[in-house]
Amino acid sequence: AQSVTQLDSQVPVFEEAPVELRCNYSSSVSVYLFWYVQYPNQGLQLLLKYLSGSTLVKGINGFEAEFNKSQTSFHLRKPSVHISDTAEYFCAVIAASGGYNKLIFGAGTRLAVHP
Amino acid sequence: DVKVTQSSRYLVKRTGEKVFLECVQDMDHENMFWYRQDPGLGLRLIYFSYDVKMKEKGDIPEGYSVSREKKERFSLILESASTNQTSMYLCASSSASDTEAFFGQGTRLTVV
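From first to last, the protein sequence lines stand for chains P and H.
The C-terminal residue of the first sequence carries number 95 in the numbering used here, and the numbering is unbroken.
The C-terminal residue of the second sequence carries number 1222 in the numbering used here, and the numbering is unbroken.
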């Protein structure tokens, strides 16, 4: 069965510092990977996705992620964070189930950016 | 822009009540999903639907049912609400030809 592990439940960081949010996945077949962001009191919004091709994926708001097949990782990075990046971030993978695809999410990482 | 609308942002219900959570999407998406979100557990899939009148169980279907009578509407039903169903409920939709899911704002349900 496919699953996602987010290694950090909370990541505190100072404004303008770099950040990396870690995600590992398990999958036996084709891998489609996603990062979603949830700002306070809102639904989820897609940051970026990897379907195929280049292993470095660029998303919105200056975020990027690198697909590493040998390490089964898809870590999210930003070189310089802003206060407005404070949110919860979810890594997700598509899992096949009975001929259909469904999104499986990690437990989430709460990013807190401090001035 | 795709819009997924959940009928309520906040709901308070009593134990044993029948509760309906409604979700409507306006982009003619084939796929619709209901998740619940709890701290430290992320999003867990309750039910999903790939077509009108079709439903599939997710990872935690117990205590829930769903209805999809029209393509744009997917309802989550709690037959007899219990306190352990207090949670944030998120609806999502996606096209059959795409991988991206679009989410509603969520409904925070409190069962007392």
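Note that the Cβ used here is the ideal one computed from N, Cα and C, for glycine as well.
Chain-ordered neighbours of residue i on chain H, where CB pairs are closer than 8 Å
i: residue 87 of chain P; result: 1150, 1151, 1152
i: residue 29 of chain P; result: 1209, 1210
Any C-beta of chain P under 9 Å from that of residue i
i: residue 1135 of chain H; result: no
i: residue 1143 of chain H; result: yes
i: residue 1220 of chain H; result: no
i: residue 1056 of chain H; result: One cannot answer for residue 1056 of chain H here, as it falls past the ends of chain H, which runs 1111 to 1222.
i: residue 1215 of chain H; result: yes
i: residue 1155 of chain H; result: yes
i: residue 1122 of chain H; result: no
i: residue 1114 of chain H; result: yes
Cβ neighbours of residue i in the same chain (closer than 7 Å, five flanking residues each side left out)
i: residue 1120 of chain H; result: 1218
Any C-beta of chain H under 9 Å from that of residue i
i: residue 53 of chain P; result: no
i: residue 24 of chain P; result: yes
i: residue 14 of chain P; result: yes
i: residue -14 of chain P; result: yes
i: residue 48 of chain P; result: no
i: residue 4 of chain P; result: no
Own chain partners of residue i with C-beta closer than 6 Å, once the 5 adjacent residues on each side are dropped
i: residue 17 of chain P; result: 25, 27, 67, 69
i: residue 98 of chain P; result: Residue 98 of chain P cannot be examined here, being either before or after the span of chain P that is shown, -19 to 95.
i: residue 1123 of chain H; result: 1129, 1191, 1221
i: residue 1135 of chain H; result: 1114, 1182, 1203
i: residue 1216 of chain H; result: 1198, 1200
i: residue 1126 of chain H; result: 1190
Close Cβ partners of residue i (< 8 Å) along its chain, the five nearest in sequence each way excluded
i: residue -7 of chain P; result: -1, 61, 91, 92, 93, 94
i: residue 73 of chain P; result: -18, -17, -16, 5, 7, 11, 12, 13, 14, 83, 84
Proximal chain H residues relative to residue i, where beta-carbon distance stays under 7 Å
i: residue 83 of chain P; result: 1211
i: residue -11 of chain P; result: 1150
Contacts that residue i makes with chain H (C-beta to C-beta distance below 9 Å)
i: residue 103 of chain P; result: Nothing can be reported for residue 103 of chain P, as the shown portion of chain P is limited to -19 through 95.
Could you run through the region 60 to 77 of chain P and flag, in chain order, every residue whose CB is less than 7 Å away from some CB of chain H?
Taking a C-beta cut-off of 7 Å against chain H, the contacting residues of the region 60 to 77 of chain P are 70, 74, listed in chain order.
Three-pair Cβ contact test at 8 Å for the region -15 to 1 of chain P versus the region 29 to 42 of chain P
Here the region -15 to 1 of chain P does not lie against the region 29 to 42 of chain P, with fewer than 3 beta-carbon pairs under 8 Å apart.
Determine, using beta-carbon pairs with one atom in the region 1134 to 1149 of chain H and one in the region 1198 to 1209 of chain H, whether at least three such pairs fall under 8 Å.
With the cut-off at 8 Å, the region 1134 to 1149 of chain H and the region 1198 to 1209 of chain H touch.
Going along the region 1159 to 1171 of chain H in order, which residues come within less than 9 Å of chain P, judged by CB to CB distance?
Within the region 1159 to 1171 of chain H, the qualifying residues are 1160, 1166, 1168, 1169.
Chain H contacts from the region 31 to 45 of chain P (Cβ-Cβ distance under 9 Å)
Within the region 31 to 45 of chain P, the residues whose Cβ lies closer than 9 Å to some Cβ of chain H are 31, listed in chain order.
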